[in-house]
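Numbers in the numbering used here are just positions in the sequence shown, counted from 1, shifted up by 2. The structure appears right after this line, and notes come after that.
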Amino acid sequence: MKKQKKRNVIVGQSGGPTAAINSSLAGVYRTAKERGYNKVYGMIHGVQGLLQERYIDLSKHIQTGLDEELLKRTPAAYLGSCRYKLPEIHEDQKTFEKIFRILDDLEIDCFIYIGGNDSMDTIKKLSDYALVFGSKIRFIGCPKTIDNDLALTDHTPGYGSAAKYIGTSVKEVIRDSWSLETEHGQVIVVEIMGRNAGWLTGASALSKGEDCDGPDAIYLPEVPFDMKKFLDHTRELLQKKASVVICVSEGIKTADGKYVTEEEGSPVYTDAFGHKQLAGTAAYLCRRVSEEIGCKTRAIEFSSLQRAASHFVSRIDILEAYEVGGAAMKAADEGYSGQMAVIIRTSDDPYQAGTEVKDVHKIANDEKLVPRDWINKEGNNVTDRFVSYVRPLIQGDVQPIMVDGIPRHLYVPGFQEMM
Ligand code: F6P
């Protein structure tokens with residue numbers, strides 16, 4: 003039988019960016035080329051851009067080995083990202099017809115989407131539509147999120163690098179807090195991303211070692227936040243030490259399910275997936291500490307820095323992101339659809355992991371939380387089990403390519419400006 007000629011691939015990035023997401027993009031590109039695909043298109047701003055027929059030919063951007071190395075070291079979504087929720091198929095078939103018409107015009111065989119749980123909703127819907135309406139295009143998800151909250155994968159690319167940045171930066175904040183003497187002591191509250199899952203905030207415990215005690219308290223969204231207990235514990239800590247460093251997740255919630263940031267009553271922006279924009283938790287807690295305890299406070303929000311710090315990534319993370327991109331492309335090439343590439347850990351020490359694919363229907367829109375027994379009884383720190391899970395994921399470094407003392411990123415004149 004005559005083998006069918008391979009046609010084209012399209013790849014998109016979606017959701018919050020990470021320092022490793024472009025390494026996955028490079029992995030998809032390299033594997034598509036090695037497996038004999040003709041063109042690799044990149045959607046500009048994910049499906050949202052695709053619906054406006056905005057895409058690029060990636061081979062014009064990745065022309066040399068150096069370009070590929072630069073791409074792996076470039077933070078944020080190179081192609082641009084989106085938080086776009088596709089309608090349900092029965093609600094708006096026209097949107098799906100449009101997407102499939104665009105994909106058919108581009109002669110696409112494989113569609114790879116690099117994203118988190120919301121982005122896997124896109125793969126789920128597109129692969130379902132293809133199945134029902136007889137399209138041969140294969141749809142595969144490639145995991146990505148600093149939040150590490152995707153089901154069925156040991157961890158997600160992007161998490162290890164953000165965890166390394168957080169562990170290190172918290173350690174530096176603790177050192178800094180030792181420097182100056184303050185009359186009534188001081189409380190520093192560090193706010194860390196992660197919406198409903200505390201994986202990132204828990205990574206602040208990585209700062210603990212022979213030369214550092216780590217944060218004095220860590221509050222994750224998995225345990226209801228009690229303001230009175232928080233203030234009492236902070237007061238107790240201040241009696242023992244002059245400087246107290248507390249790490250909190252942006253998404254800590256009170257027992258009634260309300261985010262602590264909402265306590266102030268100011269309007270909160272909500273995206274297409276119904277996620278509230280969370281910020282200001284540290285500032286709010288500092289205000290409460292200063293009112294109730296009357297000491298110096300400082301609120302630190304790592305904000306975008308924790309997901310954009312490509313100068314300080316984990317080598318394991320960048321390598322795995324690349325491999326997982328390759329595994330997603332390989333799965334699509336081998337005929338799978340409606341699946342996501344996952345990382346399976348086979349050993350902690352020495353750390354060993356491989357890739358597989360899993361049904362995206364069991365992953366989309368779900369959130370994997372930190373197990374309760376990885377958090378201490380009081381709900382104000384993580385256990386050693388948590389630390390031994392994350393420690394292997396932050397190992398090794400990738401040196402930035404420095405130009406004039408500053409890391410160089412992949413840049414194609416005119417491209418970023420048109421986004
Ligand atoms: O989804 C990843 C994430 O980084 C979350 O941790 C965070 O809550 C959110 O994105 C922030 O999104 P934005 O940059 O759109 O405010």
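For each residue, glycine too, the CB sits at the ideal point set by N, CA and C.
Examine the ligand F6P and report whether any of its heavy atoms sits within less than 7 Å of the Cβ of residue i.
i: ASP350; result: no
i: GLY118; result: yes
i: LEU280; result: yes
i: THR203; result: no
i: GLY18; result: yes
i: MET195; result: yes
i: ASP123; result: no
i: ASP94; result: no
i: THR147; result: yes
i: GLU264; result: no
i: GLU303; result: no
i: GLU252; result: yes
i: ARG410; result: no
i: ARG103; result: no
i: ARG309; result: yes
I think residue i touches residue j, with their Cβ atoms under 8 Å apart; what is that distance to the nearest whole Å?
i: ALA219; j: ILE248; result: 5 Å
i: GLY2; j: LEU52; result: Past the edges of the chain, shown from 3 to 421, lies residue 2, and the structure says nothing about it.
i: SER251; j: LEU233; result: Rounded, the Cβ-Cβ distance is 18 Å, inconsistent with contact.
i: GLY187; j: SER245; result: 7 Å
i: ALA323; j: PRO159; result: 4 Å
i: PRO409; j: ARG75; result: 7 Å
i: VAL315; j: ALA22; result: 7 Å
i: ASN10; j: LEU108; result: 6 Å
i: ASN119; j: LEU152; result: 6 Å
i: VAL362; j: TYR338; result: Actually they are not in contact, since the Cβ atoms of VAL362 and TYR338 sit about 10 Å apart, beyond 8 Å.
i: GLY82; j: MET421; result: 5 Å
i: GLU123; j: ALA199; result: Sequence check: residue 123 is Asp here, not Glu. Their Cβ separation, rounded to whole angstroms, is 17 Å, which puts ASP123 and ALA199 out of contact at 8 Å.
i: ILE302; j: ILE190; result: 7 Å
i: ALA285; j: ILE142; result: No, ALA285 and ILE142 are not in contact; Cβ-Cβ is about 41 Å, not under 8 Å.
i: GLU264; j: VAL372; result: 22 Å between Cβ atoms; not a contact.
According to the neighbour-count rule (16 or more other Cβ atoms, all chains shown, within 10 Å of its Cβ), is residue i buried or exposed?
i: ARG227; result: Per the sequence shown, residue 227 should be read as Phe rather than Arg. PHE227 is buried by the Cβ-count criterion.
i: VAL134; result: exposed
i: SER292; result: exposed
i: HIS157; result: buried
i: LEU180; result: One detail in the question is off: residue 180 reads as Trp in this sequence, not Leu. Exposed: under 16 other Cβ atoms inside 10 Å.
i: ILE176; result: buried
i: PRO89; result: exposed
i: GLY398; result: exposed
i: GLN54; result: exposed
i: GLU147; result: Before going further, note that residue 147 is Thr rather than Glu in the sequence given. Burial call: buried.
i: LEU105; result: buried
i: THR299; result: buried
i: SER206; result: buried
i: TYR161; result: buried
i: LYS7; result: exposed
i: SER390; result: exposed
i: TYR271; result: exposed
i: THR184; result: exposed
i: GLU99; result: exposed
i: GLU93; result: exposed
i: ASP319; result: buried
i: THR2; result: The first residue shown for the chain is 3 and the last is 421, placing residue 2 beyond what the model contains.
i: LYS62; result: exposed
i: ARG374; result: exposed
May I ask whether a heavy atom of the ligand ZN can be found less than 7 Å away from the beta carbon of residue i?
i: LYS100; result: As presented, the structure is devoid of the ligand ZN, carrying the ligand F6P as its sole ligands.
Against chain D, does residue i count as a neighbour if the rule is that its beta carbon must be under 8 Å from one of theirs?
i: ASN150; result: No chain D appears in the structure shown, which is made up of a single protein chain.
Q) Can you give, in chain order, each stretch of the beta strand (DSSP E) that sits fully within the segment 50-120 and has at least 3 residues? A) 57-59, 110-117
Q | Runs of beta strand (DSSP E) lying entirely within the segment 218-275, each at least 3 residues, in chain order | A | 219-221, 245-251
Q: Could you pull out every unbroken beta strand (DSSP E) segment of at least 3 residues lying fully inside the segment 9-40, listed in chain order?
A: 10-15
Q | Runs of beta strand (DSSP E) lying entirely within the segment 281-353, each at least 3 residues, in chain order | A | 298-303, 341-350
Q. Which runs of the alpha helix (DSSP H) spanning at least 4 residues fall entirely within the segment 135-197, listed in chain order?
A. 161-181
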